[in-house]
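A.B. asks: Numbering (the numbering used here), first residue to last: 3 to 494.
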């Protein structure tokens, strides 16, 4: 038969195994959810990249066409585009129709006035399908203005946006063009993440170079760039649309953009998606000059595989409940076997289990006890009175024992008290006090006399030997009591 310690060991082992299983199953489900989150952000990013790439390709095409137009002589400009460059030399106060007057100021020099006029005409003839929805403009970095295609205005440069400081990019690209005699496709211009001077939002810029080819000298030079600004709000709109197209909630994702140039300001695409606990999904390439740092919240990971998490943990909970109920039934059965149903002391079997598992280091004292004149109580008042005497006596002793001490009913009116971490002298003092304090017990409407004898020994090499020594001392005490009682009897 299993004892209580074996049951406790089995319970502990089961709980450890179940805990490990819960951790493994949840970790596996978490990994799948994490992988799905990573896939989601890659799919979303690919859609955003496709839109930005389309803008970039259109700008490259526009820059190529524009570079050709900027090289046309005045006669060809007038013939092909209806632009009379002579009208835009000098002041803008000449008598021109409103439709012919460009939307820029008189302090722009003639060369840029001509260039901006060509840009305006070119943009009007450009296909709407190839025009970006975001701010598109031309700048050459050496004038105080840049030309915005969307509004057809030349705007004075304000602040220190990095795409207006093109000297390094222009020099590097021009040097590359010269060394390759123009037979090379120059790299796009990528800014760092900066605060736009107008919108005051974190912004990135991607520019396509406008290259003026010199066929006579077999060389080429940079004219400027056609650039698109993507503010944080612009990119948030692109990402939000991509999430919606894929039917994915963006609430649990944290997306930040940084450039390869460094020296960026913070650009958090969804600044309201903060979480108390999130996990790094890694860096994802946006376009050549920019990367995404992505994270996902713990709640989003739960939501992605909510059914999996619930199913796995419900199964684990089911096994836990089944085991605990089964284990509880076994414990109740063990309690019935190890506990005396009348007195609530340990039964003889329960006492055996206890004594087998008491460490030798506990300094355990064994006290054997026996009620005096118990047979007289049974014969005179009946077995019901005897049961009440046993119950009262057991409760009387249990009230005085400490945690870790044990009371065992050996059978009939014989009991054993195991006192741990106690000396024989301390046990003698305690039992003498208990004997002195017990004189009777209540029965029905009266009280009946009740006393007991005891014997003490140290639990050393085995219960049987120690119990025998204590039992011998107990009967010696009974003999002494009997002798005393006989001496008190009057002579006949």
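In this text, a Cβ means the ideal position worked out from N, Cα and C, and glycines have one as well. Quick caveat, the model's predicted, so the values are computed rather than measured.
#1: So, helix, strand or coil for residue 280, using DSSP?
#2: Under a three-way DSSP split, which group does residue 404 fall into?
#3: According to DSSP, simplified to helix, strand and coil, what is residue 154?
#4: Go ahead and label residue 33 buried or exposed: buried means 16 or more other beta carbons lie within 10 angstroms of its beta carbon, across all protein chains shown.
#5: For residue 121, collect the residues of the same chain with a Cβ closer than 8 Å to its Cβ; drop the 5 residues on either side in sequence, then sort them by chain order.
#6: Can you list, in chain order, the residues of its chain whose CB lies under 6 Å from that of residue 345, leaving out five sequence neighbours each side?
#7: So what does DSSP say about residue 197, is it helix, strand or coil?
#8: Decide yes or no for the touch test of the stretch 351 to 361 against the stretch 433 to 449: beta carbon pairs closer than 8 Å, at least 3 of them.
#9: Roughly how many whole angstroms lie between the Cα atoms of residue 234 and residue 292?
#10: Once DSSP output is grouped into helix, strand and coil, what is the label at residue 23?
#11: Between the Cα of residue 367 and the Cα atoms of 192, 380 and 462, which residue gives the shortest distance?
#12: Determine contact between the stretch 36 to 53 and the stretch 245 to 261, defined as no fewer than three beta-carbon pairs at a distance below 8 Å.
#13: State buried or exposed for residue 477, treating a residue as buried only when at least 16 other CB atoms are found within 10 Å of its CB.
#14: Out of 154, 119 and 227, state which residue places its alpha-carbon closest to the alpha-carbon of residue 212.
#15: Taking only three categories from DSSP, how would you classify residue 28?
#16: Determine the DSSP secondary structure at residue 446, reduced to helix, strand or coil.
#17: Taking all protein chains shown into account, decide if residue 386 is buried (16 or more other Cβ within 10 angstroms of its Cβ) or exposed.
#18: Please list, in chain order, all residues of the same chain as residue 279 whose beta carbon is under 6 Å from its beta carbon, the five residues on each side excluded.
#19: Return the residue from the list 260, 272 and 262 that minimises the CA-CA distance to residue 243.
#20: Who are residue 191's beta bridge partners in DSSP?
#21: Given this structure, state the Cα-to-Cα distance separating residue 442 from residue 418, to the nearest angstrom.
#22: Identify whether residue 390 lies in helix, strand or coil by the three-state DSSP scheme.
#23: Tell me, please, which residues DSSP counts as bridged to residue 215.
#24: Quick check on residue 413: does DSSP put it in helix, strand or coil?
#25: Opposite residue 374 in the DSSP bridges: which residues?
#26: Using 10 angstroms around the beta-carbon of residue 326, count the other beta-carbons present and answer buried if the total reaches 16, otherwise exposed.
#27: Can you give me the Cβ contacts of residue 480 inside the same chain, cut-off strictly under 8 Å, excluding the 5 residues immediately before and after it?
#28: In the DSSP output, which residue or residues are listed as bridge partners for residue 287?
#29: Since residue 64 and residue 128 are thought to touch, with beta carbons under 8 Å apart, how far apart are those beta carbons, to the nearest angstrom?
#30: Less than 7 Å between the C-beta atoms of residue 31 and residue 320, yes or no?
#31: Looking at the secondary structure, which residues open and close the alpha helix (DSSP H) in which residue 454 lies?
#32: Relative to the C-alpha of residue 154, which residue among 188, 20 and 124 is closest?
#33: Go ahead and label residue 251 buried or exposed: buried means 16 or more other beta carbons lie within 10 angstroms of its beta carbon, across all protein chains shown.
#34: Just list the residues that DSSP pairs residue 270 with in beta bridges.
#35: If you draw a straight line from the alpha carbon of residue 263 to that of residue 38, how long is it in whole angstroms?
#36: Specify, as a first and last residue, the run of the beta strand (DSSP E) that residue 138 falls within.
C.D. replies: Short version:
#1: Of the three classes helix, strand and coil, the one that applies to residue 280 here is strand, per DSSP.
#2: Residue state, collapsed to three classes: coil.
#3: It is coil, neither helix nor strand.
#4: Under this definition residue 33 is an exposed residue.
#5: Cβ neighbours of residue 121 beyond the five flanking positions: 68, 140, 149 and 151.
#6: Residues 392, 393, 396 and 411 of the same chain have their beta carbon placed closer than 6 Å to that of residue 345, with the five preceding and five following residues left out of the count.
#7: It is a strand residue.
#8: Cβ pair count under 8 Å is below three, so no.
#9: Between residue 234 and residue 292, the C-alpha separation is close to 14 Å.
#10: Residue state for residue 23 is assigned as helix, using DSSP reduced to three classes.
#11: Nearest option by C-alpha distance: 462.
#12: Contact check between the stretch 36 to 53 and the stretch 245 to 261: three or more CB pairs, one atom from each, fall below 8 Å, which counts as touching.
#13: Exposed: under 16 other Cβ atoms inside 10 Å.
#14: Taking the Cα of residue 212 as reference, the smallest distance to any Cα among 154, 119 and 227 is reached at 227.
#15: In this structure, residue 28 counts as helix in the three-state DSSP scheme.
#16: DSSP places residue 446 in coil when its eight states are reduced to three.
#17: Burial call: exposed.
#18: So the list reads 300, once near-sequence residues are dropped.
#19: The option with the nearest alpha carbon to residue 243 is 272.
#20: Beta-bridge partners assigned by DSSP to residue 191: 209.
#21: Each residue's Cα considered, the two are about 20 Å apart.
#22: The answer is helix: DSSP assigns residue 390 an H, G or I state.
#23: Residue 215 pairs with 222.
#24: Looking at residue 413 - three-state DSSP - the assignment turns out to be strand.
#25: Answer by DSSP bridge pairing: none, since residue 374 is not bridged.
#26: Burial call: exposed.
#27: For residue 480, where only same-chain residues beyond five positions count, the Cβ hits under 8 Å are 372, 374 and 455.
#28: Answer by DSSP bridge pairing, in chain order: 293.
#29: The C-beta separation of residue 64 from residue 128 comes to about 7 Å, placing the pair in contact by the 8 Å criterion.
#30: The answer is no: Cβ separation not under 7 Å.
#31: Counting along the chain, no alpha helix (DSSP H) covers residue 454; the unbroken beta strand (DSSP E) around it starts and ends at 454 to 460.
#32: That would be 124, whose Cα lies nearest to the Cα of residue 154.
#33: Around the Cβ of residue 251, a 10 Å sphere holds fewer than 16 other Cβ atoms; the residue is exposed.
#34: According to DSSP, residue 270 shares a beta bridge with 258.
#35: Each residue's Cα considered, the two are about 31 Å apart.
#36: Segment 138 to 141, the beta strand (DSSP E) holding residue 138.
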